[in-house]
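Data block below; observations after.
Chains as they are written, first to last, in my numbering: chain A, 1 to 139; chain B, 1001 to 1705.
The following block contains the structure:
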């Protein structure tokens, strides 16, 4: 179950960030921010020539004591970062992948909306509800 | 005139009635004609009416002022309760029921009276008076919190428990008002008066704190009396009111549809379509939208690109956020372009929003674009989008998912048929070869009489033949899936030849075929076999079994198996099946099981996944049936035991076959046990693998550091 979901633009500012409201959300924001470095590291590690073959799913970016941070980057350098509770051991890699896939699809739908200007914050209700579903239960 | 003390309910009711009579909206005088009508509707004798009028002072004044009217109503109540009409009685008579007016036009008021009298009565009366479809009614009651109509007056904020308040001029909202009524007493809510579309609303809205009053007034004023069944709301809203229905009800409809079964959903859908859908686009509007569409895109089958649509809708001066939401709702296939239907839906939503209606969370069903027109090759661009839509719902945002179920139900044929075909899939494929064979056999032998049940028969006959000729395991899978998944058609694996004795535990499926085939087959054998094959044993005894079994098992099988058996018997004299069937039932069972066992023994592992699947599927489904079958087999065995031994028509062959049958049976059970054990092992291994993967995953990050 994701505790925090963030969509980061190419320029590394957040387009959408949302966490479960129970805890100190700033902590999650900070984790997402620090994970961006790891994302960049992974992207650059792949090499420029392999950009096309680069897999979108980055996998576990780094684990902390309580949480694990997963990353996913699109071809347009829009990054999805997901913070997951470590205690949720049942969460497998495939499930994380599917969650990112759903995120990506929803993001695409948001992009398709002509009233959405790329670079704006995402206010789509559909996107919100999708993220809510991810946070409530494991997808 | 003495002062008149009225209870709250009375106050509300009387004010409603006064408003009803106050056709000139003077708020002071009730029209005489209306009042007289009302009194006549009270079913009081004329002289009583005259007396009332005199008492209340109207005859003196010449008109019905509000106080006179109220007094008159009170007197009506007094008279209806049987008390003598006195001026004093208006205040002295305690706990007077509200006056009842029972003319057809005033049914509502009578209902109101009933409603206002007491909460419990309301509930009861409404349930008696208005029988809304249970799903809808319950949903409506449950989903009271839908509040998508923005408040017109800030005074009363709609409580979450209060029913949806959107004013609906046209009857369609009556059911909701009725439910509102039923909820009012319980909730005691005060609805916001809704100014918007209804001119009636304004005089009463502010004046009356009781929402029920507003409802009463409203329903009193609705031109046709609200029907009791919400199906009959066929009046179209005045074209001037674009959107009258609160989206909540639409959502209720969709919610109900998602909840209800397919058939119920069909009914509800029919009903909702039959009565006025508030989000429905009228023809005028549709025409207007189409014209607007043409200005952007002359080809009606084409679609408007997103940028053009954006410019167009930006002209409506709605905030971008709302336009964005409208787009999300209306772009059904998420292709960034609007087809004609999508465009109309979007336009309709824009218009609604401009008129002050809140946007729904999901697209109302009436606004949903039609499904793919499969013959429409022009919309190739849309087709993949739409097809993709049907595929993408799984991934679509949840906001679509509520609409998806309704969508699915909108086109139930597509979805359900696909489901059916998917379910049925495994069966026909497997059975084809033997099916054909069985068909041939059957056609040769049984003639035209059996043509009708051929299809189910073939399923079963194929099972039989498969057992005898092909791997029984295969047949197991197919037969069981057929038996189990074709709900209602075949409860048991069809046409599986009589299986080993019921005592064999590992073969729950086996039992079933034993029962099914062994017993049922006999039913028809007697009438058919005897004339054809005099060598066969006397099947009259089997009729008893068959009769006993037919009662237990499905009639389908009873019909099918007998026909199957005669076919088989006639076709293959060497088959143990037939031999088995010629013998006593027990022998029959064993004989029948021989071919099955033989085939099983020969190629036990040929289709490993199939028995697995069968087991996985059938085990779950068979378990509840195992008991049934064991009971049946028990009954059978008892019956069989009681039966006299049947003379054997074939001696030597039978013995050999029986022996082989027994051997195969044993092999069968052994293999079945082995299979289950292997399955268990496989599961364990998979679990280990998963746990190892997890560990690997945890260790992986460290490899990067």
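Glycine included, each C-beta is placed from N, C-alpha and C at the ideal position. Values in this document were obtained by computation on a predicted structure and should not be read as measured data.
Opposing strand residues paired with residue i [DSSP bridges]
{"i": "residue 59 of chain A", "result": "A:71"}
{"i": "residue 92 of chain A", "result": "In the DSSP output, where bridge partners are listed per residue, residue 92 of chain A has none listed."}
{"i": "residue 45 of chain A", "result": "DSSP lists no partner for residue 45 of chain A."}
{"i": "residue 17 of chain A", "result": "A:6"}
Cβ distance (whole Å) where residue i is taken to contact residue j below 8 Å
{"i": "residue 73 of chain A", "j": "residue 39 of chain A", "result": "6 Å"}
{"i": "residue 1332 of chain B", "j": "residue 1289 of chain B", "result": "Contact doesn't hold; Cβ gap of about 16 Å is too wide."}
{"i": "residue 1021 of chain B", "j": "residue 1040 of chain B", "result": "13 Å between Cβ atoms; not a contact."}
{"i": "residue 1079 of chain B", "j": "residue 1053 of chain B", "result": "That belief does not hold up - the Cβ atoms of residue 1079 of chain B and residue 1053 of chain B are roughly 12 Å apart, past 8 Å."}
{"i": "residue 35 of chain A", "j": "residue 61 of chain A", "result": "5 Å"}
{"i": "residue 118 of chain A", "j": "residue 1336 of chain B", "result": "So it is not a contact: roughly 13 Å between Cβ atoms."}
Simplified DSSP assignment, three categories, for residue i
{"i": "residue 1330 of chain B", "result": "helix"}
{"i": "residue 125 of chain A", "result": "helix"}
{"i": "residue 6 of chain A", "result": "strand"}
{"i": "residue 133 of chain A", "result": "helix"}
{"i": "residue 99 of chain A", "result": "helix"}
{"i": "residue 1550 of chain B", "result": "For residue 1550 of chain B, the pLDDT reaches just 48, beneath the cut-off of 50, and the residue's location in the model is therefore unreliable, although a value from the coordinates is still provided. Residue 1550 of chain B: helix per DSSP, three-state reduction."}
{"i": "residue 85 of chain A", "result": "strand"}
{"i": "residue 1042 of chain B", "result": "coil"}
{"i": "residue 1082 of chain B", "result": "coil"}
{"i": "residue 116 of chain A", "result": "coil"}
{"i": "residue 1302 of chain B", "result": "coil"}
{"i": "residue 1683 of chain B", "result": "helix"}
{"i": "residue 1356 of chain B", "result": "coil"}
{"i": "residue 1192 of chain B", "result": "The predicted model places residue 1192 of chain B with a pLDDT of 40, which falls under 50 and marks its position as unreliable; any figure quoted below should be read in that light. Coil at residue 1192 of chain B, not helix or strand."}
{"i": "residue 1065 of chain B", "result": "strand"}
{"i": "residue 1558 of chain B", "result": "At residue 1558 of chain B the pLDDT is 43, less than 50, meaning the model places this residue with poor confidence and gives no usable figure here."}
{"i": "residue 79 of chain A", "result": "strand"}
{"i": "residue 1338 of chain B", "result": "strand"}
{"i": "residue 1674 of chain B", "result": "helix"}
Short CB-CB distance (under 8 Å) between residue i and chain B
{"i": "residue 80 of chain A", "result": "no"}
{"i": "residue 60 of chain A", "result": "yes"}
{"i": "residue 40 of chain A", "result": "no"}
{"i": "residue 124 of chain A", "result": "yes"}
{"i": "residue 63 of chain A", "result": "yes"}
{"i": "residue 14 of chain A", "result": "no"}
{"i": "residue 21 of chain A", "result": "no"}
{"i": "residue 114 of chain A", "result": "yes"}
{"i": "residue 18 of chain A", "result": "no"}
{"i": "residue 138 of chain A", "result": "Residue placement at residue 138 of chain A is flagged as unreliable, the pLDDT there being 47, under the threshold of 50; a coordinate-derived value is accordingly withheld."}
{"i": "residue 121 of chain A", "result": "no"}
{"i": "residue 92 of chain A", "result": "yes"}
Below-8 Å beta-carbon distance, residue i vs any chain D residue
{"i": "residue 72 of chain A", "result": "Absent from the structure: chain D. Protein chains present are A and B."}
is_contact[residue i, chain A] using C-beta, thresh 8 Å
{"i": "residue 1336 of chain B", "result": "yes"}
{"i": "residue 1777 of chain B", "result": "A question about residue 1777 of chain B goes unanswered here, because the residues of chain B that appear run from 1001 up to 1705."}
{"i": "residue 1697 of chain B", "result": "yes"}
{"i": "residue 1360 of chain B", "result": "no"}
{"i": "residue 1302 of chain B", "result": "no"}
{"i": "residue 1158 of chain B", "result": "Low local confidence applies: a pLDDT of 40 at residue 1158 of chain B is under 50, so the model's placement there is unreliable, and no value is given."}
{"i": "residue 1700 of chain B", "result": "yes"}
{"i": "residue 1316 of chain B", "result": "no"}
{"i": "residue 1694 of chain B", "result": "yes"}
{"i": "residue 1296 of chain B", "result": "no"}
{"i": "residue 1324 of chain B", "result": "yes"}
{"i": "residue 1279 of chain B", "result": "no"}
{"i": "residue 1038 of chain B", "result": "no"}
{"i": "residue 1310 of chain B", "result": "yes"}
{"i": "residue 1283 of chain B", "result": "no"}
{"i": "residue 1328 of chain B", "result": "yes"}
- Message: Three or more C-beta pairs under 8 Å: does that hold for the segment 82–101 of chain A against the segment 59–73 of chain A?
- Response: yes
- Between the segment 89–104 of chain A and the segment 14–23 of chain A, do at least 3 Cβ pairs fall closer than 8 Å? no
- Stretch pair the segment 1286–1302 of chain B + the segment 1319–1332 of chain B: three plus CB contacts closer than 8 Å: no
- Query: Per the contact definition of three or more C-beta pairs closer than 8 Å, is the segment 1037–1054 of chain B in contact with the segment 125–133 of chain A?
  - Reply: no
- Message: Using a Cβ distance threshold of 8 Å, determine whether the segment 1345–1365 of chain B contacts the segment 1306–1325 of chain B, with at least three qualifying pairs required.
- Response: yes
- Message: Below 8 Å, how does it come out for the segment 1357–1368 of chain B and the segment 1316–1329 of chain B: are there three or more Cβ pairs, yes or no?
- Response: yes
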